[in-house]
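Numbering (UniProt numbering), first residue to last: 1 to 344. All C-beta atoms, glycine included, are put in the ideal place defined by N, C-alpha and C.
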């Protein structure tokens, strides 16, 4: 957890930047579009804050209402691949090509600890549901579970034959789900590190794998052009979502589990009926591959991040683009590897 001093800074200015107080983010207004750049990862908190992770080696925290940058997190020396808020919104966890993950105080921007131990790029990083642990996935073929307060590595999950693209906890924190270049997803016991199940069926790299919020199902996305929904009890593949989407860069359930959202290499995101597998709507407007897509905590909006250097907020029901967020722009746009909302 953040120190008492760190928590107090959530409500006042620090380092010349605006505070993360709710009053400063009271409305949703268009963002300014100048002086910003290409994003590698984008996360929105329920307090109307956004964290972006960029190839400029930084992560930034923004106010959604004003578009103002509230804090810049500096300390990585390679591209920052992902940034997520802790369940209580007090901390931010980043993953980087510099082979580390870092935990930051969201209020002050202070780096609280660095998680070191991976031998290659850390591709994703998430907190456990209770915020006590961190989970990282790496190109070194492993996932690691860490103590979020001490930075100690508690467990290394080994068994994939190649790079691990993503890793998440189950909703109860008892299991870990990993996705790998070797075409499989694996389910692990978070306590013992034992591999409990291997999900086989994709014909290419599994780009992402996540649980539904009730823990009853899993959805995987692959560069074979499909997403698959699996029963988390029998581990049977229940249905395959297929369309003209190219590589499925990510796939997630809606909060109520009724829909699935996929991000496509073909510049779109698609919303599917989880029960029938029917494509309900396609979100079009990005100029390059959509690297990740997530629902808002209430399921009413969708957030996409793209290789075109922008993120977009959409109405989940109509598919209308509500806003385009432009930031971190440099001479070259870079891929967005992940996106995740902090819990409501």
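- Residues 179, 199, 206, 209 and 220 of the same chain have their beta carbon placed closer than 6 angstroms to that of residue 185, with the five preceding and five following residues left out of the count.
- Look at the segment 126 to 195 and you find these whole runs of beta strand (DSSP E), each 3 residues long or longer: 133 to 138, 142 to 147, 153 to 158, 164 to 169, 175 to 180 and 184 to 189.
- Closest option to residue 148, judged by alpha-carbon separation, among 135, 156, 158 and 257: 135.
- The C-beta of residue 77 has fewer than 16 other C-beta atoms within 10 Å across all chains shown, which makes the residue exposed.
- According to DSSP, residue 116 shares a beta bridge with 100.
- For residue 96, the CB contacts under 7 angstroms within the same chain, skipping 5 residues up- and downstream, are 76, 78, 79, 80, 81 and 122 in chain order.
- Look at residue 247 here: in three-state DSSP terms it is coil, with no helix or strand label.
- In the DSSP assignment, the residues bridged to residue 326 are 310.
- For residue 239, the enclosing beta strand (DSSP E) stretches over residues 237 to 242.
- By the CB criterion at 7 angstroms, residue 241 and residue 232 fall outside the cutoff.
- In the displayed model, residue 77 falls within coil according to three-state DSSP, outside both helix and strand.
- Distance from the CA atom of residue 155 to the CA atom of residue 194, rounded to whole angstroms, is 10 angstroms.
- Contact fails between the segment 127 to 143 and the segment 104 to 114, because fewer than three Cβ pairs, one in each stretch, are under 8 angstroms apart.
- Beta-bridge annotation (DSSP): residue 221 is paired with 208 and 227.
- The Cβ atoms of residue 127 and residue 171 do not sit closer than 7 angstroms to each other.
- CA-CA distance, residue 91 to residue 316, rounds to 28 angstroms.
- Residue pairing by DSSP places residue 281 opposite 271 in a beta bridge.
- Nearest in C-alpha terms to residue 276, of all of 187, 191, 118 and 260, is 260.
- Just so you know, the alpha carbons of residue 284 and residue 252 end up roughly 18 angstroms apart.
- Here residue 261 is bridged, per DSSP, to 252 and 271.
- Ranked by Cα distance from residue 292, the options 265, 161 and 230 are led by 265.
- DSSP places residue 106 outside both helix and strand once states are collapsed to three, so it counts as coil.
- Burial state of residue 307 is buried, judged by a 10 Å Cβ sphere holding 16 or more other Cβ atoms.
- When DSSP states are grouped into helix, strand and coil, residue 121 belongs to the coil group.
- Residue 57 carries a coil assignment under DSSP once its states are collapsed to helix, strand and coil.
- The beta carbon of residue 118 sits closer than 6 angstroms to those of 99, 138 and 140, all from its chain and outside the five residues before and after it, given in chain order.
- Going by DSSP, residue 293 is part of the beta strand (DSSP E) stretching over 290 to 295.
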